[in-house]
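Numbering (full-length UniProt numbering), first residue to last: 1 to 299. Just so it is clear, CB atoms sit at the ideal spot from N, CA and C, and this is done for glycine as well. Data block below; observations after.
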């Protein structure tokens, strides 16, 4: 078939258009997206289709060039609809990104933590020498997690306010973008709220639900007040199930792992180093300890 642009040019010349009209028509035909469509469909187009579709092409270019879209979040696109060229509307890249972000945010369950953590993006986490080790580990985890959903997590330790929770929030969002569900819980509040499940006998289900989460983040572990029961029958059960199934588990703490072992040994009424060591074996199996330094950003 002859060049479709030449066919269109002849059609425009034959039309009873003013000089300005012809100029507008030729400009529309030369629009890059129109040219791309014509080139892509040159074997399917003929003179009759083009002649019948010229008003649609002009309308399309007007919409493309207009400052405000016909439909917010959508952009017009030409397509061959039988024997005519027609316009459809497809989501813009910005809308697709926005929808992907909302889907990811719905995959993150926050327990006793502020909703703003759902919006933390890793690229917005300040990179400093004191944080570089943690951010590098996070990047390596994400690369590995794409291929293997059963890998070791991280244990971020450091002083108050250095950004441990913030980094793990960014990580959680990146994981959710990959399609996995994340449970992100504040350990002291979670332990304190366990009694609320006694009335409806839902505690066992809640423990199992958290233990089975594809990805689990324990925030501020070590700041909770433990009983033997909450240590052994709650944390112990959750961590054991996660260890058995090699489910990615993350921790943030103001304590090092060695300090956490001492914390686990001391409950309200007893000291039991054996059970503490057993619990720490699970923590160490599930995560790699990484120090996060820097200034207190909460001040």
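- Across the structure, residue 109 and residue 278 are spaced so that their CA atoms are roughly 28 Å apart.
- Residue 264 is not a Cβ neighbour of residue 217, given a cutoff of 8 Å.
- Less than 8 Å separates the beta-carbon of residue 155 from that of residue 289.
- Taking residue 54 as reference, the option from 30, 159 and 69 with the minimal CA-CA separation is 30.
- The region 228–248 makes contact with the region 268–275; the number of CB pairs closer than 8 Å reaches 3 or more.
- Taking residue 128 as the centre and dropping the five residues before and after it, the same chain places the C-beta of 294 closer than 6 Å to its C-beta, in chain order.
- Here residue 138 is not near residue 182, since their CB atoms are 8 Å or more apart.
- With fewer than 16 other CB atoms across the displayed protein chains lying within 10 angstroms of its CB, residue 160 is exposed.
- For residue 245, the uninterrupted alpha helix (DSSP H) run begins and ends at 236–245, by DSSP.
- For residue 87, DSSP records a beta bridge to 78.
- One Cα belongs to residue 133, the other to residue 117, and the distance between them is close to 21 Å.
- In this structure, residue 224 keeps its C-beta atom at 8 Å or more from the C-beta atom of residue 248.
- With a 10 Å radius around the Cβ and a threshold of 16 neighbouring Cβ atoms, residue 141 comes out buried.
- Rounded to the nearest angstrom, the Cβ distance from residue 286 to residue 239 is 7 Å, consistent with a contact under 8 Å.
- By the criterion of a C-beta distance shorter than 6 Å, residue 97 is surrounded by no residue of its chain, once the five residues flanking it on both sides are discounted.
- Distance from residue 292 to residue 152 at the Cβ level is roughly 17 Å; contact not present, criterion being Cβ atoms closer than 8 Å.
- DSSP places residue 219 in the uninterrupted beta strand (DSSP E) bounded by 215–219.
- Annotated three-state conformation of residue 45 is coil, per DSSP.
- Residue nearest to residue 104 within the set 94, 119 and 113 is 119 (criterion: CA-CA distance).
- Here residue 91 is actually not in contact with residue 115; their C-beta atoms are around 26 Å apart, not less than 8 Å.
- Residue range 257–265 is occupied by the alpha helix (DSSP H) that includes residue 263.
- Secondary structure at residue 253: strand, using DSSP grouped into helix, strand and coil.
- If you draw a straight line from the Cα of residue 87 to the Cα of residue 95, it is about 19 Å long.
- Between residue 222 and residue 260 the beta-carbon gap is near 5 Å, inside 8 Å, which marks them as a contact.
- If you check the CB distance, residue 220 and residue 186 come in under 8 Å.
- By a beta-carbon distance limit of 8 Å, residue 282 contacts residue 243. Their separation comes to about 5 Å.
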